[in-house]
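Trainee: Here you go, one structure.
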Amino acid sequence: MQKLEKIKNQIDAMHIVLALLSRGDEMNSLAGELNATAASSGTHASDLKRSKAFIGVYKELSVLNADYMRQLRLITTFKKNGAPECHKPYTEVGF
């Protein structure tokens, strides 16, 4: 049963990674648009909309990242036999 839970946690982590990648791409696109219009003089309504969208996506990425780190801790806290292992700092698991 614990093996199934570990697999479920790994799948959940992958879903979060996919969401992070998707939202990250959107954030990069918005950043590119903002940089392209930054050279123009004056503030335009579309620039303000893009800025708000960028901030919104940034906040979503922060939440997704926190979810991913929680999920990663769930995955790394169980040995193969299901016995709890001490938490490792995230730098020790490749991040």
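Residue numbers (the working numbering): -5 to 89.
Cβ coordinates follow ideal geometry from the N, Cα and C atoms, glycine included.
Figure out for me which residue from K2, A47 and N59 has the closest Cα to the Cα of S23.
Mentor: Residue mapping note: residue 23 aligns to position 29 of the sequence shown, counting from 1. Looking at the Cα atoms, A47 is the closest of the given residues.
Trainee: Return the chain-ordered list of same chain residues with a C-beta closer than 8 Å to the C-beta of D61, the five sequence neighbours on each side being excluded.
Mentor: In the sequence shown, the residue the question calls residue 61 occupies position 67. Counting only Cβ-Cβ distances below 8 Å, and skipping sequence neighbours, we find I10.
Trainee: Here's the rule I'm using: 16 or more other beta-carbon atoms within 10 Å means buried, otherwise exposed. How should L15 be labelled?
Mentor: Locating residue 15 in the sequence shown gives position 21, where the first residue counts as 1. Under this definition L15 is an exposed residue.
Trainee: As a quick exercise: from V57, I49 and G26, pick the residue whose alpha carbon is nearest that of A13.
Mentor: Stepping through the sequence shown from its first residue, residue 13 is reached at position 19. Ranking V57, I49 and G26 by Cα distance to A13 puts V57 first.
Trainee: Mark R44 as exposed unless 16 or more other C-beta atoms lie within 10 angstroms of its C-beta, in which case mark it buried.
Mentor: Taking the first residue of the sequence shown as 1, we reach residue 44 at position 50. Classification of R44: buried, given that the 10 Å Cβ count is 16 or more.
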